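Undergrad: Take a look at this one; I'll ask things after.
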Amino acid sequence: TLNYRGKRNKCNYITVYCNFPVSDKDYENAIKYYTEALEINPDNAIYFGNRSLAYLRTECYGYALADATHAVELDKNYIKGYYRRATSNMALGKFKAALKDYETVVKVRPNDKDAKMKYQECSKIVKQKAFERAIASDELKRSVVDSLDIESMTIEDDYCGPKLEDGKVTLTFMKEMMKWFKEQKKLHRKCAYQILVQVKEVLAKLPSLVEITLKEADKITICGDTHGQYYDLLNIFELNGLPSETNPYLFNGDFVDRGSFSVEVILTLFGFKLLYPDCFHLLRGNHETDNMNQMYGFEGEVKAKYTPQMFELFSEVFQWLPLAQCINGKVLVMHGGLFSEDGITLEDIRKINRNRQPPDSGPMCDLLWSDPQPQDGRSVSKRGVSCQFGPDVTRKFLEQNKLEYIIRSHEVKAEGYEVTHAGKCITVFSAPNYCDQIGNKGAYIHLRGSNLIPEFHQFTAVPHPNVKPMAYANTLMQLGMM
Ligand SMILES: [Mn+2]
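Just so we're aligned: 222 in full-length UniProt numbering is position 222 of the sequence shown, and the numbers increase by one with no gaps anywhere.
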């Protein structure tokens, strides 16, 4: 039986609770109770190790790293501590640091097969990264587009799925493709390449800061993270109508990874971008990057459904996704949030040279990675990348740039959206029941040209075929492997 009273029992209760978390709330509670337990017993490596796991599960990799480090400092023989520090570093793309910890574990436990497997897996990634760097410095990387001969790709006679019409995406094609995907069928690789090559050209012409004007009677729908949840994306179109010239959309990044229908989500979104280039908008998220795709499933999914070469082309296309969008000069939308330093202007965003993997710091990194916090000022990010910014930071930024408020995504919210910073910072998230386990609602926002007042619409998850989230992720990141 569980007794919540008494200090020792409280900790026992936490241990039980932590083994069977089913929702985001459980992890939050686990973090809360371990924090209390650590106040009473600050030298307990296991509490730090367990809180680190709860942080890992809630994507707070910066905090997870700090706790795991603390745990191994307290107890050099605490193996789980090394594992968790390694997982945190993997999640942060710090593969060399992760390898060091796996190395330690293998040394201590030479007969542990699981440890050996993890060490080898991580070692493979480190070598691969070193190889990529060596090539990159040798010569400017050539585009995959130059090595493709799409014209000569043949579509086999037994393929009865959708095809572009005279090489163009049409509404009929889009409807057929969405239905085809819904039945879990694969778009012909020729068609996928046609979409990718064309959308790269369209995106490359856009500025890093896209500016649009809504007329009095116009309305736009803004969606947050979709993360490979294709069936929930179809549900958004069901509830809110298909994209069109009179039904414009803005999808605010993190289209891929985690959900195992990322290929279907991204090809659908790219298809609509081609069909309505001026009325269908896409912004880059922190998951439209190589490091994230390698760990969280998209790279594995593209390789499983198509080829490594196609993943390379996806990577090239992602680098051209714009970083922010300004609506009527009043509302600024970006995936992560505001900046680690004061004084950044819209002009600074316009000038960002975005055709690259995001750097570890600076405005481009912040736009993709930062999060708001309730207290004034800035603090170290719970994620270990970029920063957290307070209401005063938001207020100053808006004043300086003559804006009214910002809309960002990037964080799961129980209600699908959250209004903070006295209404100046809005979060929208559109992946309901995130990863099949958080139990959150999804939401999208309507903005009308007449008043720019956000209207929130919530929705719940719909069933999807039995392919679990993270099915294509790196084995080191899969749940239960941490
Ligand atoms: Mn994100």
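For every residue, glycine included, the Cβ atom is placed at its ideal position computed from N, Cα and C.
Remember, predicted model here, so these are calculated numbers, not experimental data.
Check whether the Cβ atoms of HIS464 and TYR231 lie closer than 7 Å to each other.
TA: Counting from one through the sequence shown, the residue named residue 464 turns up at place 464. Counting from one through the sequence shown, the residue named residue 231 turns up at place 231. Going by C-beta atoms, HIS464 is nearer than 7 Å to TYR231.
Undergrad: Buried or exposed for ALA473, please, with buried defined as at least 16 other CB atoms from any protein chain shown within 10 angstroms of its CB.
TA: To locate residue 473, count along the sequence shown from 1; it is residue 473. With 16 or more Cβ atoms within 10 Å of its Cβ, ALA473 is classed as buried.
Undergrad: Drop a sphere of 10 angstroms on the beta-carbon of MET177, count the other beta-carbons inside from all chains shown, and report buried for 16 or more, exposed for fewer.
TA: Position 177 of the sequence shown holds residue 177. Classification for MET177: buried.
Undergrad: How is the beta strand (DSSP E) around LEU65 delimited, first residue to last?
TA: If you number the sequence shown from 1, residue 65 lands on position 65. Here LEU65 belongs to no beta strand (DSSP E); instead the alpha helix (DSSP H) covers 61-74.
Undergrad: Taking C-alpha atoms, which residue in LYS113, ARG84, HIS281 lies nearest to ASP101?
TA: Here residue 101 refers to the residue found at position 101 when the sequence shown is read from its first residue. Checking every option, the nearest Cα to that of ASP101 belongs to ARG84.
Undergrad: Could you tell me if the beta carbon of ASP254 falls within a distance shorter than 6 Å of some heavy atom in ligand 1?
TA: If you number the sequence shown from 1, residue 254 lands on position 254. Correct: ASP254 has its Cβ closer than 6 Å to ligand 1.
Undergrad: For ARG57, name the three-state secondary structure that DSSP assigns.
TA: Counting from 1 along the sequence shown, the entry for residue 57 is found at position 57. Helix at ARG57.
Undergrad: Any heavy atom of ligand 1 inside 6 Å of the beta-carbon of HIS227?
TA: Along the sequence shown, read from residue 1 onward, the residue named residue 227 stands at position 227. No; taking the cut-off as 6 Å, the Cβ of HIS227 has no heavy atom of ligand 1 nearer than that.
Undergrad: Does the beta-carbon distance from HIS335 to GLY285 come in below 7 Å?
TA: Residue 335 sits at position 335 when you count from the first residue of the sequence shown. Residue 285 sits at position 285 when you count from the first residue of the sequence shown. Closer than 7 Å, so yes.
Undergrad: What does the alpha-carbon distance come out to for the pair TYR34 and SER370?
TA: Taking the first residue of the sequence shown as 1, we reach residue 34 at position 34. Taking the first residue of the sequence shown as 1, we reach residue 370 at position 370. So the two alpha carbons sit approximately 26 Å from each other.
Undergrad: Would you mind sorting GLU301 into buried or exposed? The rule is 16 or more other CB atoms within 10 Å of its CB.
TA: Here the question's residue 301 lines up with position 301 in the sequence shown. Buried: at least 16 other Cβ atoms inside 10 Å.
Undergrad: Rounded to a whole number of angstroms, what is the C-alpha to C-alpha distance between LYS219 and HIS457?
TA: On the sequence shown, residue 219 is found 219 positions in, with the first residue counted as 1. On the sequence shown, residue 457 is found 457 positions in, with the first residue counted as 1. Roughly 14 Å separates the two Cα atoms.
Undergrad: Using a Cβ distance threshold of 8 Å, determine whether the region 437-452 contacts the region 205-218, with at least three qualifying pairs required.
TA: Yes, the region 437-452 touches the region 205-218.
Undergrad: Which two residues bound the contiguous beta strand (DSSP E) that contains CYS387?
TA: As a first step, residue 387 must be located in the sequence shown, where it is residue number 387. Element bounds for CYS387: 387-389.
Undergrad: In the region 167-227, which residue ranges form an unbroken alpha helix (DSSP H) of at least 4 residues, counting only runs that do not cross its ends?
TA: With a minimum length of 4 residues, the continuous alpha helix (DSSP H) runs that stay inside the region 167-227 are 171-182, 189-204.
Undergrad: Suppose contacts are defined by Cβ-Cβ distances below 7 Å. Is PRO248 in contact with CYS279 by that definition?
TA: To locate residue 248, count along the sequence shown from 1; it is residue 248. To locate residue 279, count along the sequence shown from 1; it is residue 279. Against a cut-off of 7 Å, the Cβ pair of CYS279 and PRO248 comes out as a contact.
Undergrad: Less than 6 Å separating the Cβ of ASN286 from some heavy atom of ligand 1?
TA: The sequence position of residue 286 within the sequence shown is 286, counting from 1. For ligand 1, at least one heavy atom lies less than 6 Å from the Cβ of ASN286.
Undergrad: Where do the ends of the alpha helix (DSSP H) carrying GLU264 lie?
TA: Counting from 1 along the sequence shown, the entry for residue 264 is found at position 264. GLU264 -> alpha helix (DSSP H) spans 262-275.
Undergrad: Please return the same chain residues whose Cβ sits closer than 8 Å to the Cβ of MET470, not counting the five positions on each side in sequence.
TA: If you number the sequence shown from 1, residue 470 lands on position 470. Cβ neighbours of MET470 beyond the five flanking positions: ARG258, SER260, TYR296, GLY297, CYS435, MET477, GLN478, LEU479.
Undergrad: Kindly indicate the opening and closing residues of the alpha helix (DSSP H) around SER315.
TA: For this step, residue 315 is matched to residue 315 along the sequence shown. Element bounds for SER315: 308-318.
Undergrad: Examine ligand 1 and report whether any of its heavy atoms sits within less than 6 Å of the Cβ of HIS464.
TA: For this step, residue 464 is matched to residue 464 along the sequence shown. No, the beta carbon of HIS464 sits no closer than 6 Å to any heavy atom of ligand 1.
Undergrad: Any heavy atom of ligand 1 closer than 6 Å to the Cβ of HIS457?
TA: Counting from one through the sequence shown, the residue named residue 457 turns up at place 457. False, no ligand heavy atom lies under 6 Å from that Cβ.
Undergrad: Rounded C-beta distance between VAL428 and ALA443? I'm assuming under 8 Å.
TA: One-based indexing of the sequence shown puts residue 428 at position 428. One-based indexing of the sequence shown puts residue 443 at position 443. Indeed they touch by this definition, with Cβ atoms about 6 Å apart.
Undergrad: Apart from the five residues on each side of it in sequence, which residues of its chain come closer than 7 Å, Cβ to Cβ, to LYS305?
TA: By one-based count along the sequence shown, residue 305 stands at place 305. Hits under 7 Å: LYS186, VAL263.
Undergrad: So, for TYR159: in the same chain, excluding its five sequence neighbours on each side, which residues have a beta-carbon less than 7 Å away from its beta-carbon?
TA: Reading the sequence shown from its first residue, position 159 is the one you call residue 159. So the qualifying residues of the chain are HIS188.
Undergrad: In the DSSP output, what is ALA443 paired with across the bridge?
TA: As a position in the sequence shown, residue 443 is number 443, starting the count at 1. Note: ALA443 sits in a beta bridge opposite GLN458.
Undergrad: From which residue to which residue does the beta strand (DSSP E) around VAL145 run?
TA: As a working mapping, residue 145 is identified with position 145 in the sequence shown. VAL145 -> no beta strand (DSSP E), and no H or E assigned at all.
Undergrad: Using 8 Å for Cβ pairs, my map puts TYR119 next to VAL108. What's the rounded Cβ distance?
TA: Locating residue 119 in the sequence shown gives position 119, counting from the first residue. Locating residue 108 in the sequence shown gives position 108, counting from the first residue. About 12 Å; that fails the 8 Å criterion.
Undergrad: Exposed or buried, VAL22, counting other C-beta atoms within 10 Å across all chains shown (16 or more means buried)?
TA: Counted from its first residue, the sequence shown places residue 22 at position 22. The pLDDT assigned to VAL22 is 45, lower than 50, so where the model puts this residue is not dependable, and the model offers no usable value.
Undergrad: Among all the DSSP beta bridges, which residues are the ones paired with ILE407?
TA: As a first step, residue 407 must be located in the sequence shown, where it is residue number 407. Looking at the DSSP assignment, ILE407 forms a beta bridge with VAL333, ILE426.
Undergrad: In three-state terms, what does DSSP make of ILE155?
TA: Taking the sequence shown and counting its residues from 1, one reaches residue 155 at position 155. In the structure shown, ILE155 sits in coil (DSSP, three-state: anything other than H, G, I, E or B).
Undergrad: With hydrogens ignored, establish whether the beta-carbon of HIS70 is closer than 6 Å to any heavy atom of ligand 1.
TA: In the sequence shown, residue 70 corresponds to position 70, counting from 1. For ligand 1, not one heavy atom lies less than 6 Å from the Cβ of HIS70.
Undergrad: Shorter than 6 Å, the distance from the beta carbon of HIS410 to the closest heavy atom of ligand 1, or not?
TA: For this step, residue 410 is matched to residue 410 along the sequence shown. Yes, Cβ of HIS410 sits closer than 6 Å to a heavy atom of ligand 1.
Undergrad: Tell me whether the beta-carbon of TYR55 lies closer than 7 Å to the beta-carbon of ALA45.
TA: Mapped onto the sequence shown, residue 55 falls at position 55. Mapped onto the sequence shown, residue 45 falls at position 45. Result no, Cβ atoms of TYR55 and ALA45 do not sit closer than 7 Å.
Undergrad: Please report the Cβ distance between LYS273 and VAL199, rounded to the nearest whole angstrom; I am assuming they are in contact, meaning their Cβ atoms lie under 8 Å.
TA: Translated into positions along the sequence shown, residue 273 becomes position 273. Translated into positions along the sequence shown, residue 199 becomes position 199. Rounded, the Cβ-Cβ distance is 6 Å, consistent with contact.
Undergrad: Using the DSSP secondary-structure output, state which residues sit across from PRO372 in a beta bridge.
TA: Position 372 of the sequence shown, counted from the first residue, corresponds to residue 372. Bridge partners of PRO372: PHE389.
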